[in-house]
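Using the numbering used here, you'd call the opening residue of the sequence shown number 665 and step up by one each time. Note that the Cβ used here is the ideal one computed from N, Cα and C, for glycine as well. In this text the structure is predicted, and so the values were computed from the model without any measurement.
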Amino acid sequence: METIKYNKEDIATQFPIEHKLKDIVAKLEQMAEADHKVICRLRVNGLLLSENDENRFAATEHKDINEIEIELENLFSLISGTVQSLTEFAVALKETVAKTADAFREGGTPNANRRFANAMPAIQCLADALIALKPNLGQILKSKPGFSQRWDDSEVQMMKMVTELIAAYEKQDFVLVSDVLEYELLNSIDNWIELLAQLS
């Protein structure tokens with residue numbers, strides 16, 4: 665993590681045309697992005713600002729800002745940590761999905777229903793996290809021909825499976841639920857683990 669401080673003089677020199685805090689923050693974000701970094705923390709006049717605070721104080725005038733401190737993190741380090749966490753989550757999810765499929769093979773027991781109720785939010789969480797990660801992969805995706813299309817195809821496939829899984833569950837077709845979990849979803853998770861490994 666890198667920390668950069670700007671005193672009143674630095675602010676006047678480096679941000680001469682940015683008249684409001686929101687403009688200065690936008691410029692700082694632009695500068696960070698050019699260096700493949702992201703701003704993790706922002707302090708203005710000693711106050712740590714959340715995103716809500718940032719919006720609340722967006723109109724603060726340049727003249728009222730005495731000090732800005734930002735903490736930056738390398739984008740690739742953040743992505744690497746996220747990829748590792750998602751991979752670990754996907755591996756653990758495979759076990760959950762396999763046990764849920766086994767429970768449904770025994771019929772629509774309360775145990776199977778409980779496992780399904782626990783597995784579905786985790787499956788959705790993985791899908792949401794993967795979708796949210798992609799826009800941050802910019803340069804990485806460009807350096808891997810065909811990777812972006814494979815990622816997109818995998819997203820579509822996973823969402824289709826989730827829809828099929830929910831429909832089968834609602835119809836109480838527990839054989840189909842088990843099949844989708846065991847054969848399609850487990851393969852999809854393996855595919856995501858493989859894709860994530862290519863980002864490491």
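Buried versus exposed call for residue i [16 or more other C-beta atoms within 10 Å across all chains shown]
i    : result
A696 : buried
T667 : exposed
A796 : exposed
I681 : exposed
V689 : buried
M823 : exposed
K806 : exposed
V839 : exposed
L711 : exposed
R779 : buried
K701 : buried
A861 : exposed
V755 : exposed
V832 : Checking the displayed sequence, the identity of residue 832 turns out to be Ala instead of Val. Answer is buried; the Cβ neighbour count reaches 16.
A783 : buried
A882 : This structure gives no information on residue 882, because the portion of the chain shown stretches from 665 to 864.
A676 : exposed
A781 : exposed
A698 : exposed
A723 : exposed
Per DSSP, cross-strand counterpart(s) of residue i
i    : result
N671 : E731
K686 : DSSP, once it has assigned bridges, lists no residue as partnering K686.
K701 : N738
E666 : L736
Supposed close pair residue i, residue j - CB separation, criterion 8 Å
i    : j    : result
S852 : F768 : About 17 Å; that fails the 8 Å criterion.
E834 : L794 : That pair is no contact at about 25 Å.
F721 : L750 : Going by Cβ atoms, the distance from F721 to L750 rounds to 34 Å, so no, they are not a contact pair.
E718 : I703 : Between I703 and E718 the Cβ distance is about 10 Å, and since that is not below 8 Å, they are no contact.
I787 : L863 : Incorrect: roughly 21 Å between the Cβ atoms, too far for contact.
L739 : N800 : 7 Å
H683 : E725 : 7 Å
Segments assigned alpha helix (DSSP H), at least 4 residues, entirely inside the stretch 774-823: 774-797, 802-806
Cβ contact (3+ pairs, closer than 8 Å) linking the stretch 755-762 and the stretch 737-746: no
Length-filtered (4 minimum) alpha helix (DSSP H) runs lying within the stretch 703-764: 715-720
Inter-stretch contact (C-beta, 8 Å, three-pair minimum) for the stretch 848-860 and the stretch 818-831: yes
Cβ contact (3+ pairs, closer than 8 Å) linking the stretch 761-777 and the stretch 803-810: no
Cβ contact (3+ pairs, closer than 8 Å) linking the stretch 719-737 and the stretch 702-710: yes
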